[in-house]
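Visitor:
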Amino acid sequence: MAVAGRTAACDGAGVSAPHRLLASTPEPPYVAVIFSSVRTEGDNGYEAMARSMLALASEQPGFLGAEDAREDVGITVSYWQDEAAARAWKQVAAHLVAQRRGRDVWYSDYRVRVAQVVREYGPE
1056 MAVAGRTAAC DGAGVSAPHR LLASTPEPPY VAVIFSSVRT EGDNGYEAMA
1106 RSMLALASEQ PGFLGAEDAR EDVGITVSYW QDEAAARAWK QVAAHLVAQR
1156 RGRDVWYSDY RVRVAQVVRE YGPE
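Start counting at 1 in the sequence shown, then tack on 1055, and there's your number in this note's numbering.
1. For residue 1176, does the count of other Cβ atoms within 10 angstroms reach 16, so buried, or fall short, so exposed?
2. Report yes if the C-beta distance between residue 1078 and residue 1129 is below 7 angstroms; otherwise report no.
3. Measuring only the C-alpha atoms, how far is residue 1163 from residue 1092?
4. Mapping the DSSP letters down to three states, classify residue 1058 as helix, strand or coil.
5. Spatial neighbours of residue 1167 within its chain, please: C-beta separation below 6 angstroms, excluding the five flanking residues on both sides.
6. Within the same chain, show all residues whose beta-carbon is closer than 8 angstroms to that of residue 1150, passing over the 5 residues directly before and after it, in chain order.
7. Specify, as a first and last residue, the run of the alpha helix (DSSP H) that residue 1144 falls within.
8. On the CB-based measure, 16 or more other CB atoms within 10 Å of its CB, does residue 1125 come out buried or exposed?
9. For residue 1098 and residue 1156, what's the separation of their Cα atoms in angstroms?
10. Comparing C-alpha positions only, which one of 1106, 1172, 1134, 1104 sits nearest to residue 1117?
11. Mind checking residue 1094: buried by the 16 CB within 10 Å criterion, or exposed?
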């Protein structure tokens, strides 16, 4: 989902907001899926698939938004209404294809962490 050296956000309506770096999320509780990765060399179709997966995720029931950044380590955080919505996204056929390609081609290492967001605050 990330472009090298850049950050971006997407809201629950699937609106990409490169000028806004943080996703708008509702009051907790909700679920955060944190995907940390180290890429292999070359694009090999990664950027196109990442854009496609973000668009598809934004159409899924329970999707709240996403944030991502990439330098040496890529971090994508997607926000979901609940764990059931996050699990359902993991099983979407096109996402399964992308997961397989990630394991086989795009990532030399990765971790997925799922967390319950219990509190959120900012400068306002």
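All C-beta atoms, glycine included, are put in the ideal place defined by N, C-alpha and C.
Guide: Reading it off the structure:
1. exposed
2. no
3. 8 angstroms
4. Because residue 1058 sits at a pLDDT of 39, beneath the cut-off of 50, its placement in the model cannot be relied upon, and the following sentence gives the value as read from the coordinates. Residue 1058: coil per DSSP, three-state reduction.
5. The beta carbon of residue 1167 lies closer than 6 angstroms to those of 1090 in the same chain, with the five residues before and after it left out.
6. So the list reads 1108, 1111, 1112, 1144, once near-sequence residues are dropped.
7. 1138 to 1145
8. buried
9. 12 angstroms
10. 1134
11. buried
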